[in-house]
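**Student:** This is the structure I have questions about; it appears just below.
Residue numbers (this note's numbering): 25 to 202.
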């Protein structure tokens, strides 16, 4: 008999589920196909769900991806563990802020979706200084999401945790919960 808890969910839900406990501030601008991550985080915060620090996540919704990147940077500068959720072209609009975040050794996590099979959007961020973790299944999203947050804190480095948009993001699997 196993003590493992399992639940059926898609990749977006797994990313939001695992990032929520590690997040003090979520700087968001919902963009398809990553919108469910931001929407779930916002709903849980509104319901009063607590993170590991005993408080609901403070969700700041911006009017653009550039605004979300600026809010991410500012929140990190203020000392808050901050997360954002984005996809493809939204990630590309964050690149200028990503250089500053990495250069200042700020422990951020960006959960990002690649909507093209070749990952050209995510690969455009390699030179920014963000460490990168790629998930290829819903279980990977759960597991590597935790690794991204813990590694960002320990190493004082920002991470991009990415996976396929419209495939892993919306694929439904029964996975083990952490």
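We put the CB at the ideal spot given by N, CA and C, even for glycine.
Computed from a predicted structure; not experimentally measured.
#1: Which residues in the same chain have their Cβ closer than 8 Å to the Cβ of residue 45, if we skip the five residues on either side of it in sequence?
#2: List in chain order: all unbroken beta strand (DSSP E) runs of 3+ residues lying wholly within the stretch 101-141.
#3: Kindly indicate which three-state DSSP category residue 155 falls into: helix, strand or coil?
#4: Give me the Cα-Cα distance between residue 38 and residue 166, rounded to the nearest whole angstrom.
#5: What does residue 32 pair with, by DSSP beta-bridge criteria?
#6: By the 10 Å Cβ neighbour count, where 16 or more other Cβ atoms means buried, how is residue 30 classified, buried or exposed?
#7: Alpha carbon to alpha carbon, what distance is there between residue 186 and residue 71?
#8: Considering Cα atoms alone, identify which of 121, 85 and 199 is closest to residue 101.
#9: Taking Cβ positions, are residue 146 and residue 172 nearer each other than 7 Å?
#10: According to DSSP, what are the bridge partners of residue 185?
#11: Are residue 104 and residue 48 closer than 7 Å when you measure CB to CB?
**Tutor:** Once the coordinates are examined:
#1: If we look at residue 45 and ignore the five residues flanking it on each side, its Cβ neighbours are 75 and 76.
#2: Correct list: 106-111 and 133-138.
#3: Residue 155: strand per DSSP, three-state reduction.
#4: Answer to the nearest angstrom: the Cα atoms are 5 Å apart.
#5: In the DSSP output, where bridge partners are listed per residue, residue 32 has 198.
#6: Burial call: exposed.
#7: Distance between the alpha carbons of residue 71 and residue 186: 27 Å.
#8: Per the Cα distances, 121.
#9: No; because the gap between Cβ atoms is not below 7 Å, this pair is not in contact.
#10: For residue 185, which the question treats as bridged, DSSP gives the partners 135 and 157.
#11: Residue 104 is a Cβ neighbour of residue 48, given a cutoff of 7 Å.
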